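A.B. asks: Residue numbers (full-length UniProt numbering): 1 to 358.
Just so it is clear, CB atoms sit at the ideal spot from N, CA and C, and this is done for glycine as well.
This one's a predicted model, so the numbers in the text were calculated from it and none came from an experiment.
Structure incoming, see below.
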């Protein structure tokens, strides 16, 4: 007789699918082999093989998730990559005219943001103006010809890339507090002329303070995602109708003058809400609300009233514009009368919108 085998109740069998299973067999002949001390624990492998398959399924899911994460990350990385549309040898970037550039400088209101605060010279472009926002306080840069503190080392292509694409010479995204979302529609001739004018100014060695913003917003690559969602390079929002004066006004208001940047409300991502365009917005100075400049807000103003305000700051109710608009008027007062009339005509043509109070 055979001795009693303590392992006899547990018999390992190899199934056709290759998975080991456990059976309570009464004799070796029922299983074909006798299990030994190296058999697989019954609790680890079920008869239907679900545990092993479970491990396989988990591994498969983890692999799929990893591949998806790599694909998404790579796609986002490509979509948010800074784009430089102009190169130093671009044949369109020939030398500009400084006198015409002076008018572009005035129309673009560059001095209002980039002139050094606390002094009267609006051509001292040392920057450092504080611009409040829900994301922190931004500081405007020095755009004087100083080679260390300013943009004296820039080429025309560098300026064009900044204005049209919102990208620095170091291939980093600019924050959209710099209104390249409007400037992106600027004509190449105007960019060349503006560059020529800026080169005639005195260098300023002042270094602006750094931005005071949350750590998350300091990652410039995230701005690329904002651009992907809200920025259309080269776009001009102007509504043209074939009237040369009206269409010139569209260019001045929508692009160079970037009026919508202050006179509109924004969504939680800092992009202009289209339905509030020109219907008013919170002041970047944190001291009030910029007015509705559609016929829904200044509908009672005539074309001549608007032209007079742009020339002198005087409003139809015998008052004067204040705060940052007073700085704007110092610039629009230098435009030609034809350009001021063009701005007025375009503003009168805008669709009326209700004031977009926050």
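Would you be able to state if there are at least three C-beta pairs under 8 Å between the stretch 104-124 and the stretch 182-199?
C.D. replies: Short answer: they touch.
A.B. asks: Using the C-alpha atoms, what's the distance from residue 357 back to residue 280?
C.D. replies: For the purposes of this step, residue 280 is taken as the residue at position 280 of the chain shown. For the purposes of this step, residue 357 is taken as the residue at position 357 of the chain shown. Rounded to the nearest angstrom, the two C-alpha atoms are 7 Å apart.
A.B. asks: Thinking just about the alpha-carbon of each residue, which of 345, 334, 260 and 173 is nearest to the one in residue 218?
C.D. replies: The sequence position of residue 218 within the chain shown is 218, counting from 1. For the residues 345, 334, 260 and 173, the minimum Cα distance to residue 218 belongs to 173.
A.B. asks: Of all the options 310, 291, 169 and 156, which has the alpha carbon lying nearest to the alpha carbon of residue 197?
C.D. replies: As a first step, residue 197 must be located in the chain shown, where it is residue number 197. Selected option, being the one with the closest Cα: 156.
A.B. asks: Let's test the definition: count the other Cβ atoms within 10 Å of the Cβ of residue 171 and tell me whether it reaches 16, buried, or not, exposed.
C.D. replies: Within the chain shown, residue 171 is the residue found at index 171, counting from 1. So residue 171 counts as exposed.
A.B. asks: Quick one: which unbroken alpha helix (DSSP H) runs of 4-plus residues sit fully inside the UniProt domain "Cytochrome c" (244-351)? Chain order, please.
C.D. replies: Segments of the alpha helix (DSSP H) lying fully in the UniProt domain "Cytochrome c" (244-351): 244-251, 295-298, 303-312, 324-332 and 337-349.
A.B. asks: Taking the alpha carbon of residue 190 as the reference point, which residue from 81, 102, 341 and 323 has its own alpha carbon closest?
C.D. replies: On the chain shown, residue 190 is found 190 positions in, with the first residue counted as 1. It is 102 whose Cα lies nearest to the Cα of residue 190.
A.B. asks: Thinking C-beta only, is residue 223 closer than 8 Å to residue 236?
C.D. replies: Here the question's residue 236 lines up with position 236 in the chain shown. Here the question's residue 223 lines up with position 223 in the chain shown. Cβ atoms of residue 236 and residue 223: not closer than 8 Å.
A.B. asks: Out of 274, 135 and 65, which has the shortest C-alpha to C-alpha gap to residue 353?
C.D. replies: Mapped onto the chain shown, residue 353 falls at position 353. Cα-wise, what sits closest to residue 353 is 274.
A.B. asks: Out of 158, 206 and 342, point me to the one whose CA is closest to residue 244's CA.
C.D. replies: Looking up residue 244 in the chain shown gives position 244. Answer by Cα proximity: 342.
A.B. asks: Which runs of the beta strand (DSSP E) at least 3 residues long sit entirely within the UniProt domain "Cytochrome c" (96-202)? Give them in chain order.
C.D. replies: As far as the UniProt domain "Cytochrome c" (96-202) is concerned, its whole beta strand (DSSP E) runs of at least 3 residues are 130-133 and 136-139.
A.B. asks: Starting from residue 229, follow the alpha helix (DSSP H) in both directions and report where the run begins and ends.
C.D. replies: Residue 229 sits at position 229 when you count from the first residue of the chain shown. Run containing residue 229: 221-230, per the alpha helix (DSSP H) assignment.
A.B. asks: Under 8 Å, with one C-beta from each stretch per pair, do the stretch 125-133 and the stretch 327-346 reach the 3-pair mark?
C.D. replies: At 8 Å Cβ cutoff, the stretches do not touch.
A.B. asks: Going by DSSP, which residues form a beta bridge with residue 212?
C.D. replies: If you number the chain shown from 1, residue 212 lands on position 212. Per DSSP, 137.
A.B. asks: Could you pull out every residue in the same chain whose Cβ sits closer than 6 Å to the Cβ of residue 247, ignoring the five residues on either side in sequence?
C.D. replies: Residue 247 sits at position 247 when you count from the first residue of the chain shown. Within the same chain, residue 247 has close Cβ partners 240.
A.B. asks: Please go through the same chain and pick out, in chain order, the residues whose beta-carbon is closer than 6 Å to the beta-carbon of residue 332, but skip the five residues on each side of it.
C.D. replies: Here residue 332 refers to the residue found at position 332 when the chain shown is read from its first residue. Excluding residues within five positions, the ones whose Cβ falls inside 6 Å are 310.
A.B. asks: Is it buried or exposed for residue 350, if we count other Cβ within 10 angstroms and need 16 for buried?
C.D. replies: As a position in the chain shown, residue 350 is number 350, starting the count at 1. Per the 10 Å Cβ criterion, buried.
A.B. asks: Take residue 318 as the anchor and find which of 270, 66 and 305 has the nearest alpha-carbon.
C.D. replies: Within the chain shown, residue 318 is the residue found at index 318, counting from 1. Cα-wise, what sits closest to residue 318 is 305.
A.B. asks: If you draw a straight line from the alpha carbon of residue 159 to that of residue 65, how long is it in whole angstroms?
C.D. replies: In the chain shown, counting from the first residue as 1, residue 159 sits at position 159. In the chain shown, counting from the first residue as 1, residue 65 sits at position 65. Going from the Cα of residue 159 to the Cα of residue 65 covers about 43 Å.
A.B. asks: Ordered along the chain, which non-local residues of its own chain (more than five positions away) have a Cβ less than 6 Å from that of residue 367?
C.D. replies: A question about residue 367 goes unanswered here, because the residues of the chain that appear run from 1 up to 358.
A.B. asks: Would you call the CB atoms of residue 201 and residue 144 closer than 8 Å?
C.D. replies: Sequence index remark: in the chain shown, residue 201 carries index 201 (1-based). Sequence index remark: in the chain shown, residue 144 carries index 144 (1-based). Yes.
A.B. asks: Using a Cβ-Cβ cut-off of 7 Å (strictly less than) and excluding sequence neighbours within five positions of residue 228, which residues of its own chain qualify?
C.D. replies: Counting from 1 along the chain shown, the entry for residue 228 is found at position 228. So the list reads 79 and 80, once near-sequence residues are dropped.
A.B. asks: Could you have a look at residue 355 and say whether DSSP puts it in helix, strand or coil?
C.D. replies: Sequence index remark: in the chain shown, residue 355 carries index 355 (1-based). Note: residue 355 maps to coil in three-state DSSP.
A.B. asks: Rounding to the nearest angstrom, what Cα-Cα distance links residue 152 and residue 204 in this structure?
C.D. replies: Taking the chain shown and counting its residues from 1, the one referred to as residue 152 is at position 152. Taking the chain shown and counting its residues from 1, the one referred to as residue 204 is at position 204. Cα-Cα distance, rounded: 10 Å.
A.B. asks: What residues in its chain sit with their C-beta under 6 Å from that of residue 277, if we drop five residues either side in the sequence?
C.D. replies: Here residue 277 refers to the residue found at position 277 when the chain shown is read from its first residue. Contacts found: 260 and 264.
A.B. asks: I need the straight-line Cα distance from residue 199 to residue 266, nearest angstrom please.
C.D. replies: The residue given as residue 199 occupies position 199 in the chain shown. The residue given as residue 266 occupies position 266 in the chain shown. Taking the straight line joining both Cα atoms gives about 34 Å.
A.B. asks: Do residue 123 and residue 142 have their CB atoms nearer than 8 Å?
C.D. replies: As a first step, residue 123 must be located in the chain shown, where it is residue number 123. As a first step, residue 142 must be located in the chain shown, where it is residue number 142. No. Outside cutoff.
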